[in-house]
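What follows is a set of notes on a single structure, which appears directly below.
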Amino acid sequence: MDTVTQLSAMPTPPPRVRFAPSPTGYLHVGGARTALFNWLYARKNGGTFVLRIEDTDAARNTPQALAAIFDGLRWLGLDWDEGPEAGGDCGPYFQSQRQAIYDEYLKRLTEGGHTYTEENGAVRFRSPKEVIMLQDEIGGEIKIDRTNEPDMTIRRPDGGYIFHFVNVVDDIEMKISHVIRGEDHIFNTGKHIELFQAFGVTPPVYGHIPLILNQEDGSKMSKRSAGASVGYYIANGYLPEAVRNYLCLLGWSPKDDREVIPIDEVQRLFDRDHLNHHNARFDLEKCRWMNGEYLKLQSDADFAASAKAWLHGPQASELDPRATPEFAALKPLLSAAPLDVLLPLIKPKIKVMPEILEHLTMGLNGTVPIADDVRAKISAQPDAAAKLTSLTGHFDALVHWNREHIQDGVNLAAAELKVKPGALMFPLRVAITGQGHGVDLLPLLEILGKAETIARIRARTPLLTA
RNA sequence: GACCCUUUCGUCUAGCGGUUAGGACAUCGCCCUUUCACGGCGAGAGCACGGGUUCGAUUCCCGUAGGGGUCGCCA
-14 MDTVTQLSAM PTPPPRVRFA PSPTGYLHVG GARTALFNWL YARKNGGTFV
36 LRIEDTDAAR NTPQALAAIF DGLRWLGLDW DEGPEAGGDC GPYFQSQRQA
86 IYDEYLKRLT EGGHTYTEEN GAVRFRSPKE VIMLQDEIGG EIKIDRTNEP
136 DMTIRRPDGG YIFHFVNVVD DIEMKISHVI RGEDHIFNTG KHIELFQAFG
186 VTPPVYGHIP LILNQEDGSK MSKRSAGASV GYYIANGYLP EAVRNYLCLL
236 GWSPKDDREV IPIDEVQRLF DRDHLNHHNA RFDLEKCRWM NGEYLKLQSD
286 ADFAASAKAW LHGPQASELD PRATPEFAAL KPLLSAAPLD VLLPLIKPKI
336 KVMPEILEHL TMGLNGTVPI ADDVRAKISA QPDAAAKLTS LTGHFDALVH
386 WNREHIQDGV NLAAAELKVK PGALMFPLRV AITGQGHGVD LLPLLEILGK
436 AETIARIRAR TPLLTA
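At position 165 of the first sequence (counting the first as 1) the number is 150 in the working numbering, and the numbers step up by one without a gap.
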């Protein structure tokens, strides 16, 4: 084996990437997508995904925000190989616990003549003030002109270190090889490269991914917009695989027109060549569609399980559909409800979990008022009451109550009235649920039982003509 | 304002010199059907503009305009 062969055959070490959020709010979908791309890169290349908590600003950190990071990442299935609650050789993974390391690195910087101290005690980094040509893995060659930039502060008068400094120190200490982060960090990267050079360390490979924009006004996605936080999707009972799949498609594409793609397939295909260079708007409607696609892939039993978990799960915030009066009214009916047979009927009718509320209400509450638009349609059928009376009679005569026999009852009533069986279905649906739409009717009647079915028809028939 | 990134249907995207510019969400129509939905079929809808380069530009280059981002002792 000659030398050239040996060199080219030398394996590149597996990449080490990180997601480094600060626990000051909630887990933003943009942040989640950054974490996702880092995770995909690590998984694709047999690398290591590190989670590091950048909690240097004590005044802004909250335990809730920290929990939201852990919960959100776990919910999305983005498991970290090193970090809080996972361990690793480069810990601690909270910056608030790494003061001694930063002190040591600051000493090195100061001994190298790279710092100076302000009168108030703040420490600044003496910038070389040069033009940096960043070789960005995603954006290509990007010029960052540092010649007229002021020296950055790296330590506050109170001794607390600033983001730029700790970010670089930790990337060195944690042997991060690739930094995949939002495009909003491009100019920070210029500062960070200066620090790497001052430490005499080769900077990592950078890849700046475009941002996710608000669906409404196209600005950087903010707290205001619905669906900006991962917590929204958890609270609304989305399937994590669906949200993750949708996030994959924001800036990445398999380039073969597929959209519903298993995550292991994404891992296999993920590549910077497939990443876009421009921002993408977040389309909640399409995300809902994606959720519906994943719902269809679920078995009835799995769906019933996740629906029940959601119905009985903790309420997350005031945006939670389970915090509404409608849900409060429904809740007492749930305990005795035949959910295992009802939910599979609902499954094909919905895209997202909160939609089951309306269907459950229709099924469980026989006294829901008749909807206005439905009332208009039903009053156009003067024989609706006669149809229902006939149906009631034939239902009452049934010995066995299942959908086949119920269909027989419908057919008999239709024959008696000399109409098509289909003509009876709309009045029947309205009498049973008060609504013009909903789950398959005959299976619903079977679940409700003969007595409840007849009782509802008798109770609502006078209301139809009122 | 300066600097950086970016520009294909309303939105997410495929396209990497020659295509009837493809797919998806959304919208609309038809079919199926017991309403709604699902499903099937179909329609409308796009290369920001102006210069080049080229036999030929959606594709390459340069401008202009639009969009986004960044200009902290926040991260």
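We treat Cβ as the ideally placed atom computed from N, Cα and C, and that holds for glycine. Computed from a prediction, not measured in an experiment: that's the story for all the values here.
Counting C-beta pairs with one atom in each stretch, the region 409 to 428 and the region 352 to 367 have three or more that are closer than 8 Å, which means they touch. With contact defined as three or more Cβ pairs closer than 8 Å, the region 383 to 392 and the region 336 to 356 are not in contact.
In this structure, P195 and H263 form a Cβ contact; the two beta carbons are roughly 6 Å apart against a cut-off of 8 Å. M159 sits in coil when the DSSP states are folded into three classes, being neither helix nor strand. DSSP places R360 within a helical segment (H, G or I) once states are collapsed to three. When C-alpha distances from A408 are compared across A369, P428, F288, the shortest belongs to A369.
DSSP lists K128 as the bridge partner or partners of M118. Judged by DSSP in its simplified three-state form, F267 adopts coil rather than helix or strand. Looking at K205, M275, N46, the one whose alpha-carbon comes closest to that of S81 is N46. Here the C-alpha atom of Q392 lies approximately 39 Å from the C-alpha atom of D305. Under the DSSP assignment, R59 falls in the alpha helix (DSSP H) whose first and last residues are 48 to 60.
Bounds of the beta strand (DSSP E) holding I139 are 138 to 140.
Counting C-beta pairs closer than 8 Å gives fewer than three between the region 54 to 72 and the region 178 to 197, which falls short of the contact rule. Here N23 is buried: its Cβ has 16 or more other Cβ atoms, across all protein chains shown, within 10 Å.
Note on the region 187 to 240: whole alpha helix (DSSP H) runs with a minimum of 4 residues are 215 to 220, 225 to 233, in chain order. Between the region 201 to 208 and the region 228 to 240 there are fewer than three inter-stretch CB-CB distances shorter than 8 Å, so the stretches are not counted as touching.
Short of 7 Å from the beta carbon of G16, and not among the five residues preceding or following it, lie these beta carbons of its own chain, in chain order: P6. I157 is positioned such that its CB atom lies no closer than 8 Å to that of H193. Checking the DSSP bridge columns, you'll see H13 partnered with S214.
Linking D74 to P113 through their CA atoms gives a straight-line distance of about 33 Å.
A direct Cα-to-Cα measurement between L25 and T138 gives close to 34 Å. Rounded to whole angstroms, P339 and A308 show a C-alpha spacing of 11 Å. Look at the beta carbons and you see the region 241 to 249 not touching the region 166 to 181: under three pairs across the two are nearer than 8 Å.
Judged by DSSP secondary structure, F4 falls within the beta strand (DSSP E) whose first and last residues are 1 to 4. For the pair L376 and G394, the CB atoms are nearer than the 8 Å cut-off.
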